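Numbering-wise, the sequence shown is residues 1229 to 1556 according to the numbering used here.
Just below is one structure, and these are the notes that go with it.
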Amino acid sequence: MTNQRVFSGIQPSGDPHLGNYLGAIQNYVHYQDGNDAVYCIVDLHAVTTQRDPEALRTDTLRLAQVLIASGLDPENCILFAQSHVPQHAQLGWLMQATTSFGELNRMTQFKDKGDRTEFVSSALFSYPALQAADILLYDTNIVPVGDDQRQHLELSRDVAQRFNSRYGDTFVIPEHVIPPVAARVMDLQRPEDKMSKTAEADNGLVMMLEDPKSIEKKFKRAVTDSEDEVRFDPEHKAGVSNLLSILSAVTGETPTDLAERYTQYGRLKVDTAEAVIERLRPIQERFAELSSDPGETARVLSAGAVKAREIAEDVYSRARSNMGFLPV
Ligand code: TYM
């Protein structure tokens, strides 16, 4: 099928890391060709935990620059900031009215984040209802995400189906796509945990804009196991399998094929580091160019918001009318 509507969102909470890139951003770039792709920097989601206003502004612009540097072409997709399109918050409210407390209470991401935060906002709790609104607002067919978003995506489908059965056919039911490898990139020091910016220490976390020397060091020190066999077995050999998955996501070869080629952990670490550094190098160079002109990035986001609003206004007005609100 051609010309599917593709939508995905990413939070401007600090710079993105290798997990964001391999699990999601690589696929955003892939799906912009031959489809109507819409990519959203979800700044409204970022304030579900308290943020310094200046940091939010900087992170939003930098994330747009990293996405463009990674290959998103604003001529070929719509790239915008969520807060620039008011229909997200508006439809978010309708989605809260269509999502049950029990459903939200079962979200594992809320449990994880809520446990780590001192001030647990009600927005952090209702976050997945806003995420459903983000997706449904664009009549989305396909949502490229990493594995950790699976539960939120299933909820989005359930909420869309419930809305349609209560108020008549309104929303397209979205499907998520998760990459075959590196859908869950793990921390290099604690390979049983997902790579995440909220990790206690950053020696297992590789950032997209990180200095190559530092990346190399982190891979060389990656935790493996006390055996000496390179085998792809995520359950029993989490560290080695994580390295193989990362190398696979960069080179396109399967982790099992790659495993056959290695007899030493040391060599695998060095080659994985090198592949990652080479993949990130042009992105880092392009980012440096783009960051010299923040005004241009701001203009790209504003132009993206104009295009996003055109679609969102239409779908939102369909939803509000079906729900029984009087026309304005
Ligand atoms: P966020 O900002 O945490 O992450 C952005 C994307 O990166 C993926 N990802 C990973 N993939 C592989 N390995 C990892 N270690 C890893 N860490 C993160 C995520 O799966 C995601 O695809 N709730 C979403 C943002 C959102 C959204 C949406 C996504 C808001 N509205 C609508 C899709 C559609 C989030 O917090 O992603």
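Here a beta-carbon is modelled for each residue, glycine too, at the ideal position from N, C-alpha and C.
Keep in mind that this is a model prediction, so the values were computed, not measured.
- Taking a C-beta distance under 8 Å as the contact criterion, I1401 and V1373 do not qualify as a contact pair.
- Under the three-state reduction of DSSP, E1541 is assigned to helix.
- Beta-bridge partners of P1372 (DSSP): V1405.
- Counting along the chain, no beta strand (DSSP E) covers Y1249, and no H or E run does either.
- Distances from the CA of A1501 to each of L1300, A1466 and E1444 were compared; the closest alpha carbon is that of E1444.
- D1271 has its Cβ no nearer than 7 Å to any heavy atom of the ligand TYM.
- At a cut-off of 7 Å, the beta-carbon of K1441 does not count as near the ligand TYM: no heavy atom of the ligand is closer than that.
- A distance of 8 Å or more separates the beta carbons of K1422 and S1241.
- Each residue's CA atom was taken as its position, placing I1539 and Y1493 some 50 Å apart.
- The ligand TYM never approaches A1540 closely enough for any of its heavy atoms to be under 7 Å from the residue's Cβ.
- In the structure shown, V1234 falls within a strand segment according to DSSP collapsed to helix, strand and coil.
- By DSSP's assignment, K1422 forms a beta bridge with M1414.
- Your pair S1236 and L1272 does not check out as a contact, with CB atoms roughly 15 Å apart and the cut at 8 Å.
- Scanning its chain for C-beta atoms nearer than 8 Å, with the 5 sequence neighbours on each side dropped, one finds around Q1512 the residues A1297, M1436 and L1437, in chain order.
- For the pair of segments examined, the stretch 1445-1458 was found not to touch the stretch 1475-1485: the number of CB pairs separated by less than 8 Å stays below three.
- For D1362, the uninterrupted alpha helix (DSSP H) segment begins and ends at S1350 to L1364.
- Look at D1301 here: in three-state DSSP terms it is coil, with no helix or strand label.
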